[in-house]
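Before any comments, here is the structure.
Number of protein chains: 2
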Amino acid sequence: MNENNQPAREPDTEKRILEASAKVFARKGKQGARMQDIADEAGINRTLLHYYFRSKDKLFDTVFEMVFARIFPAMTGIMSSELPFPERIELFIEAYTELLRENPFLPVFVFQEIYEDPDRLLKLFMSKGFDPESTLAQLRSEISTAGLGDMDPRHLFANMMGMVLFPFIGRPIFQAIAFQGDKDAYEEFLEERTSHIPQFMKLAFIGAGVQNQK
Amino acid sequence: MNENNQPAREPDTEKRILEASAKVFARKGKQGARMQDIADEAGINRTLLHYYFRSKDKLFDTVFEMVFARIFPAMTGIMSSELPFPERIELFIEAYTELLRENPFLPVFVFQEIYEDPDRLLKLFMSKGFDPESTLAQLRSEISTAGLGDMDPRHLFANMMGMVLFPFIGRPIFQAIAFQGDKDAYEEFLEERTSHIPQFMKLAFIGAGVQNQK
DNA sequence: GTCTATATGGCGATAGAC
DNA sequence: GTCTATCGCCATATAGAC
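Residue numbers (our numbering), protein chains in the order written: chain A, 1 to 214; chain B, 1001 to 1214.
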């Protein structure tokens, strides 16, 4: 109970706005998103958005940093663990797919943004102390140690990220064409991928071992 | 020389508009793209866009169908050839990567659109007589014949498309982080992928053969 | 804190001169 | 066919009542 009779500030209004914004920005892009769309999604009045975040630009900035804060730890936490290389890959894929299953709007949101402002994401990475050079060097030595020859870690990374991301980015059309639009079947497919992708990569590693032996 | 003194219509103005539109729509999305942006990119007056295509909607529709007309044959032409399965995969990847290297804006353009209107692309596929069910069934039998067990063709397709698409969709950030922004190095990387991806899949197939033998 | 009403600017579209 | 000038709409943003 407040001392005055003003209604108490809904404690989760701000959070609701951020979640709604993330969804709408992901669906429509930064420009395509209307403040009214976001207000509707959050179930609040449109001007409240301005009350909380002043402008559309500031709202977007806040959402983008929130989204990044979710993705970044999932990437680097596992990267820097002490586990052997193949197990780390497996964990990375599982964690990432799980993150995307819970936040399916993330990749579209990020990819829309990197075309709007490519430097922004890069700066965020750097500000977190991420060091591409040393990460690459470390991966290179680990790949070699794992008996995979001189496979470029950047190819491996592109393979892995592509396999993980595609079903999320292409979902609307892929689900419609290959699953007759069956949402539950697609969810199951996504679930399967947490084990399929590491398995597929392991098969490639086995194949590489066979090739390198001869 | 015309009979009247009106200036002749630039023969490639329409084509220039379409190319410019594709680029701008890909960068900014349908909503984010301004008619002025497109006019600037094409080097013409803004109202000429309306003269040629009447409205932004109609212009977008035209561009989208043009883009689809480029992608579709590259997918289905190879799919329906008589070559053995692994060779078809290799050809598909090469053709697709080549298409994307020449038209790097395609995937972003398409992915932005499928979130705006998921049914549209599906309808285009259907109108071309594409039959998902029979394609899936055919792939399933071919995978089995190729000694790959009962690997779901949809997983295989998602793996393949993801590996091909990722470096194009993620280019701005991936080039910046993993290649220090070096454009030429990235082009070379894309070139390498036409051989790396088929090679990687072959390794997985070899690995699958090893697993199935035991 | 939340609402209604309104100011301001930008964009798509068209009319009309040349 | 191409340009300049302009109309009308819609979205962001703010002012101000409650």
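Just so you know, even glycine gets a beta-carbon here, dropped at the ideal spot from N, CA and C.
Residues in its own chain within less than 6 Å of residue i by CB, not counting five upstream and five downstream?
| i | result |
| --- | --- |
| His1062(B) | Correcting the residue identity first, residue 1062(B) is Thr in this sequence and not His. Result list for Thr1062(B): empty, nothing under 6 Å. |
| Ser134(A) | none |
Report yes if the C-beta distance between residue i and residue j is below 8 Å; otherwise report no.
| i | j | result |
| --- | --- | --- |
| Gly1207(B) | Gly77(A) | no |
| Phe1064(B) | Lys1128(B) | no |
| Gly32(A) | Gln1213(B) | no |
| Ala20(A) | Ala1204(B) | no |
| His1196(B) | His155(A) | yes |
| Leu1122(B) | Ala178(A) | no |
| Phe25(A) | Phe130(A) | no |
| Phe53(A) | Leu59(A) | yes |
| Pro1118(B) | Ile173(A) | yes |
| Ile1143(B) | Pro1132(B) | no |
| Glu1098(B) | Thr1194(B) | yes |
| Glu1090(B) | Pro1198(B) | yes |
| Lys1202(B) | Pro1084(B) | no |
| Tyr1115(B) | Arg88(A) | no |
What would DSSP say about residue i, mapped onto helix, strand or coil?
| i | result |
| --- | --- |
| Ile78(A) | helix |
| Gln138(A) | helix |
| Lys1128(B) | coil |
| Phe105(A) | coil |
| Leu122(A) | helix |
| Asn1045(B) | coil |
| Lys1180(B) | Before going further, note that residue 1180(B) is Gln rather than Lys in the sequence given. Correct three-state label for Gln1180(B): coil. |
| Arg1070(B) | helix |
| Gly1207(B) | helix |
| Ala1146(B) | coil |
| Arg1154(B) | helix |
| Asp40(A) | helix |
| Gly1170(B) | coil |
| Ala8(A) | Summary for Ala8(A): the model assigns pLDDT 47, below 50, so the residue's position carries little reliability, and this model does not support an answer. |
| Ser1055(B) | coil |
| Asn1002(B) | Its pLDDT being 39, under 50, Asn1002(B) is placed unreliably by the model, and nothing is read from it. |
| Arg1034(B) | coil |
| Leu1083(B) | coil |
| Asp1061(B) | helix |
Please work out which residues of its chain come closer than 8 Å, Cβ to Cβ, to residue i, disregarding the five sequence neighbours upstream and downstream, and give them in chain order.
| i | result |
| --- | --- |
| Pro1104(B) | Phe1168, Arg1171 |
| Gln36(A) | Arg46 |
| Glu1113(B) | Lys1030, Phe1064, Arg1120, Leu1121 |
| Ile1017(B) | Ile1038, Ala1042, Ile1044, Leu1048, Leu1049, Tyr1052, Phe1053, Leu1059 |
| Leu1136(B) | Pro1153, Arg1154 |
| Asn1005(B) | Unreliable positioning characterises Asn1005(B) in this predicted model, as indicated by a pLDDT of 36, which lies under 50. The coordinate reading is nonetheless provided below. Closer than 8 Å at Cβ, skipping near neighbours: no residue. |
| Glu1014(B) | Tyr1052 |
| Phe111(A) | Ile169 |
| Arg1070(B) | Leu1099, Asn1103, Leu1106 |
| Lys183(A) | Gln175 |
| Phe1200(B) | Met1163 |
Please determine whether the Cβ atom of residue i lies at a distance below 7 Å from any heavy atom of the ligand PLP.
| i | result |
| --- | --- |
| Ser81(A) | As presented, the structure is devoid of all ligands, the ligand PLP included, so that no description of it is given. |
CB-CB under 7 Å to residue i, same chain, minus the five flanking residues each way: which ones, in chain order?
| i | result |
| --- | --- |
| Ala74(A) | Ala95, Tyr96, Leu99 |
| Arg1140(B) | Pro1153 |
| Gln180(A) | none |
| Gly209(A) | Gly147 |
| Ala185(A) | Phe179 |
- Item | the segment 1155-1175 of chain B contacting the segment 150-170 of chain A, beta-carbon criterion three pairs below 8 Å | yes
- Message: Any contact between the segment 1090-1099 of chain B and the segment 129-149 of chain A? By contact I mean 3 or more CB pairs, one from each, below 8 Å.
- Response: no
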